[in-house]
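Residue 395 is where the sequence shown ends in numbering that gives the first Met the number 0, and the numbering goes up by one at each step.
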Amino acid sequence: MKKLFSACFVFILMFSIVLSGCGSSSSKGTGGEANSNTPAATPPAATTTPDGPVTINQSLPDKEILSKGPNGESAISAKTLKLTPEELAKIKEGKYKAAVALHYAGNDWSTAQVKGLKDTFAKMGIEVIAQTDANFKPEKQVSDIETILTKKPNILISIPVDPVSTAEAFKKAAAAGVKLVFMDNKPNGLEHGKDYVSVVSADNYGNGVEAANLMAKALGEKGDIGVIFHDADFFVTKQRTEAFEKTIKEKYPNIKIVDRGGIAGPNDGEKVASAMLTKNPNLKGIFVVWDAPAEGALAAARSAGKNDLVITTIDLGTNVALNIAQGDMVKGLGAQLPYDQGVAEAILAAYSLLGKETPPYVAVPALAVSKENILESWKTVYQVDAPKTIQDAAKK
Numbered sequence: 000m001k002k003l004f005s006a007c008f009v010f011i012l013m014f015s016i017v018l019s020g021c022g023s024s025s026s027k028g029t030g031g032e033a034n035s036n037t038p039a040a041t042p043p044a045a046t047t048t049p050d051g052p053v054t055i056n057q058s059l060p061d062k063e064i065l066s067k068g069p070n071g072e073s074a075i076s077a078k079t080l081k082l083t084p085e086e087l088a089k090i091k092e093g094k095y096k097a098a099v100a101l102h103y104a105g106n107d108w109s110t111a112q113v114k115g116l117k118d119t120f121a122k123m124g125i126e127v128i129a130q131t132d133a134n135f136k137p138e139k140q141v142s143d144i145e146t147i148l149t150k151k152p153n154i155l156i157s158i159p160v161d162p163v164s165t166a167e168a169f170k171k172a173a174a175a176g177v178k179l180v181f182m183d184n185k186p187n188g189l190e191h192g193k194d195y196v197s198v199v200s201a202d203n204y205g206n207g208v209e210a211a212n213l214m215a216k217a218l219g220e221k222g223d224i225g226v227i228f229h230d231a232d233f234f235v236t237k238q239r240t241e242a243f244e245k246t247i248k249e250k251y252p253n254i255k256i257v258d259r260g261g262i263a264g265p266n267d268g269e270k271v272a273s274a275m276l277t278k279n280p281n282l283k284g285i286f287v288v289w290d291a292p293a294e295g296a297l298a299a300a301r302s303a304g305k306n307d308l309v310i311t312t313i314d315l316g317t318n319v320a321l322n323i324a325q326g327d328m329v330k331g332l333g334a335q336l337p338y339d340q341g342v343a344e345a346i347l348a349a350y351s352l353l354g355k356e357t358p359p360y361v362a363v364p365a366l367a368v369s370k371e372n373i374l375e376s377w378k379t380v381y382q383v384d385a386p387k388t389i390q391d392a393a394k395k
């Protein structure tokens, strides 16, 4: 998310899941996540039989991946990853151990991603011996990694809270022979193939494009809009905003971006949106870089009496999903697929144990979500039916 972020961003980042909450269901999202309300049920295991092969969900759309990696690498689609039955059997023989060091565990994005990891590792016979939550504190994550290393894992899956201050701890893990797979971002100074296996994320650029197209459709391709971006050095959230703005400017000449405001974290959305609406009373729409601050923008619009404002965002959190289903101000979003991201990370870890070549950057496809496909999209993202409140709203 969304990446991550300097130590001053204690609460930072993100998920939308996708997933984060602001306002009445406040949560701390990251540049790469969603809402703090967990899905109504648990996703099933990775797409596999007991004997393989292991893949991510192959029914996902075959879209071109538009995002670039943290060093500008071209992305490989996660749909191309696969463990054969023979490879799966070999991995099982190793009786390997894995650990997960999260930046923040309290949102749907982290919950779904860890579920994908654990389900897939279980199929491989890999034991998850530790799972930690740094609560957005770099020093806590460094301590977590040091504790994890005493347990001698073969694999560490992690998302760095801060790419600078956590780098030495990850280098220590790499030097100990631990296979490192990163979610969304990587620590500074680590080299692919030497220090880490791969970085896995959503197609954040593609999701930014989807959010722009949904905004244009809702506005009839005309009007003044604002952009609320993530004011931190996190490449995935930068890609979202860049994609949204570039798509609007190049594809929709009658839509004008007249104001921009930066947020340090998920709780800043209402303040920034309120100032933007006061300065621009004729504003027709606002793009918000992920769903938690989008909830704040929604609250600001209501306070300003702008109930016809169009909002689009990234990450399918529970609250924005309900707003979309109700046909309210949030007209659509680009969704991440955190469960499948977790599956992909586990497969890449297995590749490294097998001595297979791994790409430096892998991404899962973008997903456009609107009222028309909200229930189908929820099931695609979480692999369970949407909560009853969202189902009921979508049927009205």
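Glycine included, each C-beta is placed from N, C-alpha and C at the ideal position. Given the structure is predicted, the values throughout are model-derived calculations rather than measurements.
Would residue i and residue j qualify as a contact pair, given that the criterion is a beta-carbon distance under 8 Å?
{"i": "residue 316", "j": "residue 107", "result": "yes"}
{"i": "residue 346", "j": "residue 310", "result": "no"}
{"i": "residue 166", "j": "residue 189", "result": "yes"}
{"i": "residue 207", "j": "residue 249", "result": "no"}
{"i": "residue 235", "j": "residue 281", "result": "no"}
{"i": "residue 187", "j": "residue 160", "result": "no"}
{"i": "residue 204", "j": "residue 65", "result": "yes"}
{"i": "residue 254", "j": "residue 220", "result": "yes"}
{"i": "residue 279", "j": "residue 225", "result": "yes"}
{"i": "residue 243", "j": "residue 211", "result": "yes"}
{"i": "residue 388", "j": "residue 321", "result": "yes"}
{"i": "residue 213", "j": "residue 326", "result": "no"}
{"i": "residue 76", "j": "residue 349", "result": "no"}
{"i": "residue 239", "j": "residue 288", "result": "yes"}
{"i": "residue 339", "j": "residue 56", "result": "yes"}
{"i": "residue 170", "j": "residue 153", "result": "no"}
{"i": "residue 380", "j": "residue 336", "result": "yes"}
{"i": "residue 83", "j": "residue 197", "result": "no"}
{"i": "residue 218", "j": "residue 151", "result": "no"}
I need the DSSP call for residue i, collapsed to helix, strand or coil.
{"i": "residue 135", "result": "coil"}
{"i": "residue 267", "result": "helix"}
{"i": "residue 390", "result": "helix"}
{"i": "residue 82", "result": "strand"}
{"i": "residue 375", "result": "helix"}
{"i": "residue 204", "result": "helix"}
{"i": "residue 225", "result": "strand"}
{"i": "residue 59", "result": "coil"}
{"i": "residue 243", "result": "helix"}
{"i": "residue 380", "result": "helix"}
{"i": "residue 91", "result": "helix"}
{"i": "residue 213", "result": "helix"}
{"i": "residue 333", "result": "strand"}
{"i": "residue 258", "result": "strand"}
{"i": "residue 43", "result": "In this predicted model, residue 43 has a pLDDT of only 43, less than 50, meaning its place in the structure is not dependable; the value taken from the coordinates is given anyway. In this structure, residue 43 counts as coil in the three-state DSSP scheme."}
{"i": "residue 196", "result": "coil"}
{"i": "residue 175", "result": "coil"}
{"i": "residue 97", "result": "strand"}
{"i": "residue 248", "result": "helix"}
Report the residue from the options whose alpha carbon sits nearest the alpha carbon of residue i.
{"i": "residue 343", "options": "305, 147 and 199", "result": "199"}
{"i": "residue 143", "options": "306, 172 and 218", "result": "172"}
{"i": "residue 293", "options": "54, 319, 104 and 89", "result": "319"}
{"i": "residue 79", "options": "58, 219 and 276", "result": "58"}
{"i": "residue 359", "options": "193, 383 and 56", "result": "193"}
{"i": "residue 391", "options": "141, 291, 268 and 323", "result": "323"}
{"i": "residue 123", "options": "150, 141 and 88", "result": "88"}
{"i": "residue 328", "options": "348, 341, 304 and 69", "result": "304"}
{"i": "residue 145", "options": "213, 168 and 251", "result": "168"}
{"i": "residue 364", "options": "351, 387, 287 and 202", "result": "202"}
{"i": "residue 222", "options": "251, 197 and 209", "result": "251"}
{"i": "residue 86", "options": "73, 60, 53 and 182", "result": "53"}
{"i": "residue 158", "options": "378, 102 and 376", "result": "102"}
{"i": "residue 156", "options": "116, 372, 274 and 312", "result": "116"}
{"i": "residue 68", "options": "275, 191, 353 and 377", "result": "191"}
{"i": "residue 93", "options": "197, 395, 383 and 353", "result": "353"}
{"i": "residue 372", "options": "351, 394 and 74", "result": "394"}
{"i": "residue 105", "options": "83, 295, 131 and 382", "result": "131"}
{"i": "residue 181", "options": "209, 384, 274 and 341", "result": "341"}
{"i": "residue 70", "options": "258, 151, 209 and 233", "result": "233"}
{"i": "residue 60", "options": "376, 140, 275 and 355", "result": "376"}
Taking only beta-carbon atoms, is residue i less than 8 Å away from chain B?
{"i": "residue 160", "result": "As a matter of chain content, chain B is missing from the structure shown, which is built from one protein chain."}
* Asked: Taking contact to mean at least 3 C-beta pairs separated by less than 8 Å, is the stretch 292-299 in contact with the stretch 367-378?
  -> no
* To do: Flag this pair as touching only if the stretch 111-123 and the stretch 133-142 have three or more C-beta atom pairs under 8 Å; answer yes or no.
  => no
* Ordered list of alpha helix (DSSP H) runs contained in the stretch 261-330, each at least 4 residues -> 268-278, 290-302 and 317-324
* Asked: For the 8 Å Cβ check, are there 3 or more pairs between the stretch 223-235 and the stretch 259-270?
  -> yes
* Does the stretch 120-131 come close enough to the stretch 94-104 to have 3 or more Cβ pairs within less than 8 Å? -> yes
* Residue ranges of each beta strand (DSSP E) within the stretch 99-168, 3 or longer -> 126-132 and 154-157
* **Those runs of the beta strand (DSSP E) which lie wholly inside the stretch 341-377 and span at least 3 residues** => 360-363 and 366-369
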